[in-house]
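Position in the sequence shown (first residue = 1) + 5 = the numbering used here.
Where a beta carbon is used, it is the ideal one built from N, C-alpha and C, also for glycine.
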Amino acid sequence: MKHIFAALALICAATGTEAHHVWLEQDEQGAVLHFGEFGDNLRETSPGLLDKFPGPVARKLGPNGETPVTLKKGAQGFALKARAGKGEALVAEERAYPTSERKEGEATVRSIYLPAARLAGDLSAHKPALTLDLVPTGARQGEAVEFQAFYKSQPLPKAKVEVVTPSGWRQERHTDASGKFSAPLPWRGPYALELSHRDNQPGERAGDRYDRASYVTTLTVYQPTGIAPLPAGPAAQPNK
Numbered sequence: 006m007k008h009i010f011a012a013l014a015l016i017c018a019a020t021g022t023e024a025h026h027v028w029l030e031q032d033e034q035g036a037v038l039h040f041g042e043f044g045d046n047l048r049e050t051s052p053g054l055l056d057k058f059p060g061p062v063a064r065k066l067g068p069n070g071e072t073p074v075t076l077k078k079g080a081q082g083f084a085l086k087a088r089a090g091k092g093e094a095l096v097a098e099e100r101a102y103p104t105s106e107r108k109e110g111e112a113t114v115r116s117i118y119l120p121a122a123r124l125a126g127d128l129s130a131h132k133p134a135l136t137l138d139l140v141p142t143g144a145r146q147g148e149a150v151e152f153q154a155f156y157k158s159q160p161l162p163k164a165k166v167e168v169v170t171p172s173g174w175r176q177e178r179h180t181d182a183s184g185k186f187s188a189p190l191p192w193r194g195p196y197a198l199e200l201s202h203r204d205n206q207p208g209e210r211a212g213d214r215y216d217r218a219s220y221v222t223t224l225t226v227y228q229p230t231g232i233a234p235l236p237a238g239p240a241a242q243p244n245k
C-alpha cells in the first residue's frame, strides 16, 4: 500500500508537455521509431510531419559490439527488424533534419535539430554511444533506478530529464555533477526519459554552417515489476 501512495504522490508532481521527440518501442516482432509525444499518445504520420525526416539511421549495441539496422518508413514510424534483449540496446538518430532559421533582433540564427533515441533491453549498466545519450547505470537507490546523461562521451551535469509514462504522467529530474540522477519507476511497462541539450557553439554540417545545435534524446526502458500501469489516453490527432 505504501508503494501505491508513493506512486500517486508522484502523479501530483506531473509537469506540462514538452516539444516533439523521437522514441523507440519494441514487441516480439521488432521495434519502431516514432516521432511525436510519448505521454500524449501522439505519433506523427506519413503523409505529415514524419516526412520531415530525410532518413534516420539505427544500430544494435551489445556485448560483442554493434551492427547497423535497416529502417523502413511506414505510416506511423520507421520499423526496425531488430529488438534489444538483456544487455543490448537499439539506438537511432536523424542526422540531416532540415536546418531552421529565425530572427533574433537584427540577426538571423540558423539552428539544427538532432533527435535521437535509445531503447535499453534491461536496466543493467549500458555505455553511451550517441552524441547526447542517456543510459541506465545498473545501480539502484532504494526503489529508484539510477541513470547517467552524457554529451560527447562526457557526463552532462545540471541537465533536465523528464520521466514519462504512456498515461501522461511525467516527473522532472536533474542530473548531478557526474551526470547522474535516480527516478522511481512504480508502474510496470514502458517509460520514456526525455533529455535535451543546446550547444551554442557554431559549427558546420555537410558544408552547411549553423549557429547552434539542439540535441534531444529519449531513452526507453521497460519496468518488469511494480503496480499495474495506468491506461494511456486516446490517440491524439497527428499534425499535417
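Taking Cβ positions, are P120 and E106 nearer each other than 9 Å?
Taking 9 Å as the Cβ cut-off, P120 and E106 do not qualify as a contacting pair.
On a Cα-Cα basis, can you pick out the residue from K165, G194, L161 that is closest to G184?
Checking every option, the nearest Cα to that of G184 belongs to L161.
Could you pull the DSSP bridge partners for D213 from this structure?
DSSP lists R210 as partners of D213.
Have a look at R217, R203, A197 and flag the residue whose alpha-carbon is nearest the alpha-carbon of D45.
Comparing Cα positions, the closest option is A197.
Within a Cβ cutoff of 6 Å, which residues of the same chain sit near A154, ignoring the five residues on either side of it in sequence?
Excluding positions up to five away in sequence, the list reads L139, L161, A164, T180, G184, L200.
Express the C-alpha separation of P61 and L38 in angstroms, rounding to a whole number.
Approximately 9 Å, taken between the alpha carbons.
Which value, in whole angstroms, describes the spacing of the CA atoms of G53 and G147?
C-alpha separation (whole angstroms): 44 Å.
Thinking C-alpha only, which one of K86, F58, A94, P195 is nearest I117?
Out of K86, F58, A94, P195, F58 has the C-alpha closest to the C-alpha of I117.
Suppose only complete runs of 4+ residues qualify. What are the alpha helix (DSSP H) ranges in the segment 146-180, listed by chain order?
Runs found: none.
Applying the criterion that 16 or more other CB atoms from any shown protein chain within 10 Å of the CB defines a buried residue, is P229 buried or exposed?
Exposed is the call here.
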